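One structure below.
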Amino acid sequence: MSSSIHEDSDREQPDRDQADHEESEISINFSPEHTLVVTDNSGTRKMPLVENQYTIGRESDNTVHLNSDFVSRYHATLRKVRYRDRLDTYRIIDGSASGKPSKNGIVLNAIQKVSSHDLQDGDIVTFAPEVHILYLAPKLI
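In this text, residue positions in the sequence shown follow the working numbering: the first is 1151, and each later residue adds one.
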């Protein structure tokens, strides 16, 4: 009888290995959170977005600090936008949280200057030469 238990566990092992492999593929290929990839004079870094609002700028008290003299002290605001019928996103708004516009503005996807924009996966927002953020929406990749 003990040999049949052993045989059963031998038969189950490949299924367990396959399940473990499938789980690892899912965890590697699924990004459940909104993410910013920030590039400035300090380099490039990833930042998961979990808060409802972020401030972006040169001052160190911003939640997204950008290291560049060409970036305004309080350059932009990022606010979570909730939708009933689709995935939430973030809205980038030029200027401080109090509404004061930045000196140089923000450029979307190297094409146009915008005052605000609901970010879509892959959008690049430029603040200054060599200073930008890449927005990554939650998705299967």
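Ideal Cβ positions, reconstructed from N, Cα and C, are used throughout, including at glycine. Note that the coordinates shown come from a computational prediction; the quantities given were computed from them, not determined experimentally.
Inclusion of R1208 and R1223 in the CB contact set at 8 angstroms is warranted, their separation being smaller than that value. Between I1206 and H1184, the gap from beta carbon to beta carbon reaches 8 angstroms or more. Annotation for H1282: T1189, I1274, V1275, T1276 place their beta carbon closer than 7 angstroms to its own, counting only its chain and skipping 5 residues before and after. Y1233 sits away from Y1285, with the two beta carbons spaced by 8 angstroms or more.
Annotated three-state conformation of D1219 is coil, per DSSP. If you look at K1230, you'll find it in the beta strand (DSSP E) that goes 1226 to 1231. Counted as a single uninterrupted DSSP element, the beta strand (DSSP E) harbouring P1198 occupies residues 1193 to 1199. Annotation: the continuous beta strand (DSSP E) that includes T1189 extends over 1184 to 1190.
Looking at the DSSP output, S1248 shares a beta bridge with no other residue.
If you draw a straight line from the Cα of V1257 to the Cα of K1289, it comes to about 25 angstroms. Taking 8 angstroms as the cut-off, the Cβ atoms of L1199 and L1186 count as close. With respect to Y1204, T1194 sits apart: the two C-beta atoms are not nearer than 8 angstroms.
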